[in-house]
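Below: the structure, in structure tokens.
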Amino acid sequence: METKELLKKVREIEIKTRGLTKQVFSGEYHSAFKGKGMTFSDVKNYQYGDDVRNIDWNVTARFNEPFVKVFEEERELSVFLVLDLSESINYGTRVKSKKELMLEVAAVLAFSAVANNDKIGAIFISNSVEKYIPPNKGRMHALMILRELILFKPEKEGTNIKEGLRYFRNVVKKRSICFLISDFYDETDFFEGLKIANSKHDMVAIRLFDYAEKELPKLGLIKMFDAESKKKRWVNTNSKKVREKYRMQFNDNEKQLVIKFRKAGVDYASLSTDGKYLAALNRLFLTRSR
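Structure follows, in structure tokens:
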């Protein structure tokens, strides 16, 4: 992609998503993520209405009267985008591809962070970690991440979210908000690593999918290609039985993901390439705000 074309695309994404950020997500972002990290500040005498769970028993025993811990909100946060950019993310049959959807979601999150004076960083993964962008503040840094995302092409085949999470845990020491964005076509078991990461950070999982991955269109006998495994096979898409099996596999997979994310204590949203992702993303933010 030529520089002029790249800059134009980045500018279009910025204009579109910054408007969405202001109108829809600014307040929700702040209430959903600000204050999730709290640091100990001081102690004070217990007063009626204070949370008894915050009683400092050591100080209480020393002075023989109740004291409670006082916490301060961590005002400055780092937001990380762990982005699965394996080959399957390029698939799309509706309004946009999964990668184009990822770009828009990443832009909304990045500009939300910028608007709230938070740092934003990113990790690009495929079968391994391929790029790490340290967190920094400001519009120009957010735009740089988006440019890198537009131009990025994985060097390795396959998906290994487990390795991406391991890298994130090892590199990022300060408590951060981390959005794991993927279609989750990964044969490795990454949920234990996700649970560990969530014990140290505020993890949020976002699944991207295309409608044709859920409902197989009637196109007759076609050769289907698996972008992850590189395998090809002929499929009779006119067969009602085949289409029903296809739908059931998608739904079963979605149910399993919901169960596993819930067990890991991670908030989860599923976004479609049909262009109607804003409502689902907004629901995720509103749910966390309660």
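Following our numbering, the numbering of the sequence shown begins with 176 at its first residue and continues without gaps. Beta carbons are placed, not taken as given, at the ideal position from N, Cα and C, and that holds for glycine.
Between which two residues does the beta strand (DSSP E) holding residue i run?
i           : result
residue 410 : 407–411
residue 306 : 304–311
residue 254 : 253–259
Using DSSP with H/G/I as helix, E/B as strand and the rest coil, what is residue i?
i           : result
residue 443 : strand
residue 357 : strand
residue 343 : helix
residue 382 : strand
residue 124 : Here the chain comprises residues numbered 176 to 465, so residue 124 is not present and cannot be evaluated.
residue 218 : strand
residue 294 : strand
residue 391 : coil
residue 183 : helix
residue 244 : strand
residue 398 : strand
Would residue i and residue j qualify as a contact pair, given that the criterion is a beta-carbon distance under 7 angstroms?
i           : j           : result
residue 130 : residue 337 : This structure does not reach residue 130, given that the chain is present from 176 up to 465, and the question cannot be answered.
residue 412 : residue 279 : no
residue 264 : residue 271 : no
residue 224 : residue 255 : no
residue 379 : residue 442 : yes
residue 327 : residue 260 : yes
residue 310 : residue 253 : yes
residue 302 : residue 335 : yes
residue 352 : residue 282 : no
residue 268 : residue 385 : yes
residue 446 : residue 454 : no
Count the other CB atoms, across all protein chains shown, that sit within 10 Å of the CB of residue i; report buried if there are 16 or more and exposed otherwise.
i           : result
residue 433 : exposed
residue 426 : exposed
residue 320 : buried
residue 238 : exposed
residue 315 : exposed
residue 399 : exposed
residue 401 : exposed
residue 382 : buried
residue 288 : buried
residue 243 : buried
Assuming residue i contacts residue j under a Cβ cut-off of 8 angstroms, what Cβ separation, rounded to an integer in Å, is found between them?
i           : j           : result
residue 444 : residue 459 : 4 angstroms
residue 312 : residue 294 : 5 angstroms
List the endpoints of the continuous alpha helix (DSSP H) containing residue i.
i           : result
residue 366 : 366–375
residue 286 : 273–290
residue 415 : 415–438
residue 320 : 314–326
residue 237 : 232–238
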